[in-house]
Amino acid sequence: MTQPATRGATLPGPLPTRETRVRTRLVEVVVPVYNEQHTVETCVRRLQAYLDETFPYDYLITIADNASVDGTWEVATRLSEELPRVRAVHLALKGRGRALRQVWGASEADVVAYMDVDLSTGLEAFLPLVAPLLSGHSDLAIGSRLHHGSAVTRGPKRELISRGYNLLLRATMAARFSDAQCGFKAGRTEVVKRLLDEVEDNAWFFDTELLLLAERTGLRIHEVPVDWVDDPDSRVDVVRTALDDLRGMARIARRSLTRPGGAGTARAERLPPGLGWQLASFAVVGTVSTLAYVLLFLGLRQLMPALPANALALGATAVANTAANRRFTFGVTGRRDALRHQVEGGIAFLIGLVLSSGAIGLLHAVRPGVGHGVELAVLVGANAVATVLRFLLLRVWVFNPRRGR
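The opening position of the sequence shown corresponds to residue 1 in the UniProt record's numbering, with each subsequent residue numbered one higher.
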């Protein structure tokens, strides 16, 4: 594989610094660029001036040129020669994820970070971003434009797409982080390097895949509210990026179905498992519950009419079903929120009761005097529909990890 061209110092030497700078810790900030010859110098100089003035740790700024075809590499090279804490790396292929993979994977810093070259995110959030990583409190940190403490200026189209994408991640992937695509992230280098081998994407989905993998392996993700102003000159193809992200999510889902454990399984029990494992566990619990329901319904049906038998059978199995899904499907242990989970699970049960009771009532209205076998078949079909709805309610509402947090 062709090695990227690199200019400038790889590590800061004995350079002038603030008296309060902690020289034993190093943070490497990557700025990926593609055809940014008119903006890269202004942004890098602004970033360096801000870090020199306010940042209490040693730092290194790496300009990662993603195969630019304009004069970006020449500007980056000149900056690396003029500015002592700046270096430049040139890659032969495009891709933000590819650039971060290359630089982060070779970094000798304690913490690696990246930010967009337009500096849309307020720099005052950078120290709060990396401080929990340097202290060991967190493994990864992200800037969030969707946090209640954030101040964001952008058009309605981007706002809708961003919120829709992150809502989709939470609903389908059980993601607990609030903003997957904000170009303002950091991680402890040793942790990031372990994750890179598992991340397949080299473009815009790189961020999301890294975060999903981190959550799946039990890593701690710290979120920082940021001030963010949309860059009107942004050349990101929103539609193409969205389609790539959807394809990436589909790939992650397929991988979850085939490899439910994944890397770092020893710590995975601390987080809700991925969608694939949740579906498999829910199916097993549902199968056992259905068998128990069938036996209980047939027994009660000998003593009472179909409607009360159905209600009692569903009620008895619903409590056990909620408890089993709480523990095995969604990874929730302990007594905290157990009563709330049962109450909200009971609401999902009531929805199922309405569906199944409505089905059996309609059956008797259309065909009076049908046998128990037909009743059971109709009830199983109605409960199958209720089961799908119940899973969605349990996943998105009852056991949503953001509510528990």
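Ideal Cβ placement from N, Cα and C applies to all residues, glycine included.
Opposing strand residues paired with F7 [DSSP bridges]: In the sequence as displayed, the identity of residue 7 is Arg instead of Phe. Bridge partners of R7: A88.
Straight-line gap, Y50 to L26 (C-alpha atoms, nearest Å): One C-alpha to the other measures close to 16 Å.
Continuous beta strand (DSSP E) assignments of at least 3 residues falling wholly in the UniProt domain "GtrA/DPMS transmembrane" (282-399): Restricting attention to beta strand (DSSP E) runs no shorter than 3 residues, the UniProt domain "GtrA/DPMS transmembrane" (282-399) encloses none.
Residues of its chain near E159, where Cβ-Cβ distance is below 8 Å and the 5 sequence neighbours each way are ignored: Counting only Cβ-Cβ distances below 8 Å, and skipping sequence neighbours, we find V152.
Cα-Cα separation between V29 and R176, rounded to whole angstroms: In a straight line, the C-alpha of V29 is about 25 Å away from that of R176.
The stretch 129-148 in contact with the stretch 183-200 per 3-pair CB rule at 8 Å: Pairwise C-beta distances place the stretch 129-148 in contact with the stretch 183-200, as three or more of them are shorter than 8 Å.
Between the CA atoms of V224 and V285 - distance to the nearest angstrom: 38 Å
Beta-bridge partners of residue 442, as assigned by DSSP: Residue 442 is absent from the structure shown; the chain starts at 1 and stops at 405.
Three-state secondary structure assigned by DSSP to F184: strand
Cβ neighbour criterion (16 or more within 10 Å) applied to A384: exposed
Per-residue burial, L362 [other beta carbons within 10 Å of its own, 16 or more giving buried]: exposed
Proximity winner among E36, Q37, Y59, H38, relative to L47 (alpha-carbon distances): Y59
Outcome for residue 408 when other beta-carbon atoms lying within 10 angstroms are tallied against a minimum of 16: For the chain, the structure presents residues 1 to 405; residue 408 sits outside this window and is missing.
Per-residue DSSP class, three states only, for P56: coil
Given D118 as reference, the closest of N66, R154, D230, S150 once Cα atoms are compared: D230
Cβ-Cβ separation, V40 to V75 (assumed contact under 8 Å), whole Å: 5 Å
Limits of the unbroken alpha helix (DSSP H) element including L129: Start and end: 126-134.
Same chain, Cβ closer than 6 Å to R96, neighbours up to 5 away in sequence not counted: Around R96: P32.
Residue 407 - partner residues in DSSP beta bridges: A query on residue 407 cannot be resolved here, the shown segment of the chain reaching from 1 to 405 and no further.
For E81 and Q102, the rounded distance between their alpha carbons: 21 Å
Straight-line Cα distance separating R247 from T317: Their backbone Cα atoms lie some 38 Å apart in a straight line.
V294 versus L376 - alpha carbon distance: 8 Å
Pairwise C-alpha distance: R85 and T54: 15 Å
Coarse secondary structure for A109, derived from DSSP in three states: Coil.
7 Å CB neighbourhood of N325 in its chain, flanking five on each side removed: F282, V285, L394
8 Å contact criterion, which F205 and D245 should meet: CB distance rounded: 5 Å
Reference R87; option with closest CA among I63, L100, L211: I63
Continuous beta strand (DSSP E) stretch holding V199: start and end: That residue, V199, is in no beta strand (DSSP E); it is neither H nor E in DSSP.
Where T333 falls, given that 16 or more other Cβ within 10 Å makes a residue buried: The residue in question, T333, is exposed, as its Cβ has fewer than 16 Cβ neighbours within 10 Å.
Simplified DSSP state of L83, which is helix, strand or coil: DSSP places L83 in coil when its eight states are reduced to three.
CA-to-CA distance, T387 to T287, given in whole angstroms: 11 Å
Rounded C-alpha distance that separates F349 from A99: 49 Å
Assigned exposure category for I347 - 16 Cβ within 10 Å defines buried: exposed
Exposed unless 16 or more other CB atoms sit within 10 angstroms - verdict on T24: That one is exposed.
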